[in-house]
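**Q**
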Amino acid sequence: SLGGKTLFDLMILPVQRIPRYRMLLQELFKNTWETHPDYPALTDACYNINKTAQSVEDSQENHANVNKIASLQQDLKVPRKMEKDLGSLLQADRKFVIEDALPCSEGDSQETTSRKLILFNDMLLVTKVSLEKSKDDKKKTRETMRLKKIIYLNQVSNIVKTSSVSTQPSLSISIGSTSQFHLHVTNQKQRDTWYSHLADGRAYALQKKEMNDRS
92 SLGGKTLFDL MILPVQRIPR YRMLLQELFK NTWETHPDYP ALTDACYNIN KTAQSVEDSQ
152 ENHANVNKIA SLQQDLKVPR KMEKDLGSLL QADRKFVIED ALPCSEGDSQ ETTSRKLILF
212 NDMLLVTKVS LEKSKDDKKK TRETMRLKKI IYLNQVSNIV KTSSVSTQPS LSISIGSTSQ
272 FHLHVTNQKQ RDTWYSHLAD GRAYALQKKE MNDRS
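Using my numbering, read the sequence shown as starting at 92 and increasing by one per residue.
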């Protein structure tokens with residue numbers, strides 16, 4: 092008998108023990124003086140358990156990232172003319188960062204359109220959300236996203252915060268020297284969050300491009 096537990100519940104137990112072992116060893120280390128005969132062994136044990144815990148955390152994070160991107164790929168509808176440019180979302184060094192539905196505009200236009208934005212560490216996808224009937228159950232609907240625009244962060248020349256007492260906070264993304272895309276956010280906190288993620292992604296994408304150009 093599994094006592095009401097699933098196989099997954101049992102499989103995760105060894106992973107859950109690692110943080111407990113780390114806490115125990117750290118407590119022992121903290122209360123062991125340097126001249127104690129066990130001090131060198133505890134030092135090695137703490138180093139090894141920290142290394143193992145970090146490896147497990149990285150593995151779990153990578154697994155969650157792959158599952159998230161695979162789920163997005165399934166719900167994303169890509170126009171035929173954009174398929175080649177986008178390729179597969181699953182790439183070895185690609186990480187999902189954040190997603191949100193925001194009013195957006197382009198260029199000098201004052202007209203905004205609601206778009207779902209999906210940010211990775213190397214590109215921003217601009218999509219239009221729609222509801223489609225489920226193939227298995229016609230009474231149910233599921234959210235799908237039609238890709239409208241791809242912004243590669245290594246092509247972004249500038250990201251600017253804009254704010255005013257009388258206007259909504261926003262971010263302006265300059266692509267090259269001719270194109271601009273604007274995110275109209277709810278408040279300054281949301282603007283700062285998006286700005287930070289976009290700036291980090293741009294820095295990573297530019298660094299990656301520079302390394303690829305050298306090779």
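We put the CB at the ideal spot given by N, CA and C, even for glycine.
Who are the near neighbours of residue 256 in its chain, counting only those whose CB is closer than 6 Å to its CB and skipping five residues on each side?
**A** As a first step, residue 256 is located in the sequence shown; it is residue number 165 there, counting from the start. Reliability of the predicted coordinates at residue 256 is poor, the pLDDT of 44 falling under 50, and no value is obtained from them.
**Q** Report buried or exposed for residue 153, applying the criterion of at least 16 other Cβ atoms within 10 angstroms of its Cβ.
**A** To locate residue 153, count along the sequence shown from 1; it is residue 62. Here residue 153 is exposed, its C-beta having fewer than 16 other C-beta atoms within 10 Å.
**Q** So for residue 159, helix, strand or coil by DSSP?
**A** The count along the sequence shown starts at 1 and reaches residue 159 at position 68. The answer is helix: DSSP assigns residue 159 an H, G or I state.
**Q** Compare the beta carbon distance of residue 274 and residue 193 with 8 Å and say whether it is the shorter of the two.
**A** In the sequence shown, counting from the first residue as 1, residue 274 sits at position 183. In the sequence shown, counting from the first residue as 1, residue 193 sits at position 102. In this structure, residue 193 lies closer than 8 Å to residue 274 by Cβ.
**Q** Less than 6 Å between C-beta atoms, sequence neighbours within five positions excluded: which residues of the same chain meet that for residue 292?
**A** As a first step, residue 292 must be located in the sequence shown, where it is residue number 201. Correct list, in chain order: 212 and 244.
**Q** Any contact of the stretch 125-135 with the stretch 153-164, i.e. 3+ C-beta pairs under 8 Å?
**A** no
**Q** Whole angstroms is fine: what's the gap from residue 165's alpha carbon to residue 137's?
**A** The residue given as residue 165 occupies position 74 in the sequence shown. The residue given as residue 137 occupies position 46 in the sequence shown. Residue 165 and residue 137: Cα-Cα distance of roughly 42 Å.
**Q** Could you tell me if residue 124 is buried or exposed, where buried requires 16 or more neighbouring beta carbons within 10 angstroms of its beta carbon?
**A** Numbered from its first residue, the sequence shown carries residue 124 at position 33. Exposed.
**Q** Using three-state DSSP, classify residue 185 as helix, strand or coil.
**A** Locating residue 185 in the sequence shown gives position 94, counting from the first residue. Residue 185: coil per DSSP, three-state reduction.
**Q** Can you check the stretch 120-183 for any alpha helix (DSSP H) of at least 4 residues that lies completely inside it and give the ranges in chain order?
**A** 130-166 and 171-177
**Q** Once DSSP output is grouped into helix, strand and coil, what is the label at residue 291?
**A** Against the sequence shown, residue 291 aligns to sequence position 200. In this structure, residue 291 counts as helix in the three-state DSSP scheme.
**Q** Pull up the CB-CB distance for residue 250 and residue 264, whole angstroms please, since I reckon it's below 8 Å.
**A** The sequence position of residue 250 within the sequence shown is 159, counting from 1. The sequence position of residue 264 within the sequence shown is 173, counting from 1. With a Cβ gap of about 6 Å, residue 250 and residue 264 count as contacting.
**Q** Just confirm the distance between the C-beta atoms of residue 207 and residue 236, as a whole number of angstroms; I'd bet it's less than 8 Å.
**A** Within the sequence shown, numbered from 1, the residue matching residue 207 stands at position 116. Within the sequence shown, numbered from 1, the residue matching residue 236 stands at position 145. Between residue 236 and residue 207 the Cβ distance is about 6 Å, and since that is below 8 Å, they are a contact.
**Q** Using 10 angstroms around the beta-carbon of residue 218, count the other beta-carbons present and answer buried if the total reaches 16, otherwise exposed.
**A** Residue numbering aside, residue 218 sits at position 127 when the sequence shown is read from its first letter. The residue in question, residue 218, is buried, as its Cβ has 16 or more Cβ neighbours within 10 Å.
**Q** Please tell me whether residue 262 and residue 252 are closer than 8 Å, where the distance is taken between their beta carbons.
**A** As a first step, residue 262 must be located in the sequence shown, where it is residue number 171. As a first step, residue 252 must be located in the sequence shown, where it is residue number 161. Yes, the pair counts as a contact, with Cβ atoms nearer than the cut-off.
**Q** Considering residue 271, what are the terminal residues of the beta strand (DSSP E) in which it resides?
**A** By 1-based counting over the sequence shown, the position of residue 271 is 180. It spans 270-275 - the beta strand (DSSP E) in which residue 271 sits, taken as one unbroken run.
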